[in-house]
Amino acid sequence: MAIQRTFSIIKPDATARNLTGKINAVFEDAGLRIVGQRRIRMTDEQAKRFYAVHAERPFYGELVDFMTSGPVVVQVLEGENAVAKHREVMGATNPAEAAEGTVRKLYAQSIGENSVHGSDSEENAKIEIAQFFSEADIAG
Ligand code: GDP
Numbered sequence: 127m128a129i130q131r132t133f134s135i136i137k138p139d140a141t142a143r144n145l146t147g148k149i150n151a152v153f154e155d156a157g158l159r160i161v162g163q164r165r166i167r168m169t170d171e172q173a174k175r176f177y178a179v180h181a182e183r184p185f186y187g188e189l190v191d192f193m194t195s196g197p198v199v200v201q202v203l204e205g206e207n208a209v210a211k212h213r214e215v216m217g218a219t220n221p222a223e224a225a226e227g228t229v230r231k232l233y234a235q236s237i238g239e240n241s242v243h244g245s246d247s248e249e250n251a252k253i254e255i256a257q258f259f260s261e262a263d264i265a266g
């Protein structure tokens, strides 16, 4: 299996509860390496662009408000099969449906405030990484 990179966000509900280290430990224990990481305050424009695919969904406004409500940690994770592995350790979108031991089962508060984002394909990972990182800020 090839080494891949994926894009991850530790969302405002998690940074507010000081969970960055605990969530990173779940990722690292799964064999993912944090090869880029920055704590930022997302602008309205960045959040709208990032979630543009959901623009027609009823929760879009709520999602943009949430993602700009506090600091987030944007990350590049690297490892074998990183996109699928990261999605697996994140758990289902709705924490009520997330498997034991996943980040969302452990820490998410609701389907909206669900602690983490992860790219859903390698193609999207490349697009999302490029929105927040230059190659010079990633060291594998
Ligand atoms: P993901 O890939 O597991 O993050 O899920 P989606 O791509 O379906 O949704 C993107 C994000 O939108 C989720 O992680 C949630 O933060 C948010 N979201 C999804 N469904 C809902 C919903 O029904 N209500 C609210 N408030 N937010 C939602």
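Residue numbers for the sequence shown follow our numbering, so the first one is 127 and each next one is one higher.
The C-beta atom is built at its ideal place from N, Cα and C for all residues, glycine as well.
- F176 and E214 have their alpha carbons spaced roughly 21 Å apart.
- Collapsing the DSSP output to three states places Q172 in a helix.
- Relative to ligand 1, the beta carbon of F176 is positioned no closer than 7 Å to any heavy atom.
- By the Cβ neighbour-count rule, H180 is exposed, with fewer than 16 other Cβ atoms within 10 Å of its own.
- When secondary structure is reduced to three states using DSSP, I253 falls in the helix class.
- CA-CA distance, T141 to M127, rounds to 32 Å.
- If you draw a 10 Å sphere on the C-beta of E254, you find 16 or more other C-beta atoms in it, and that means buried.
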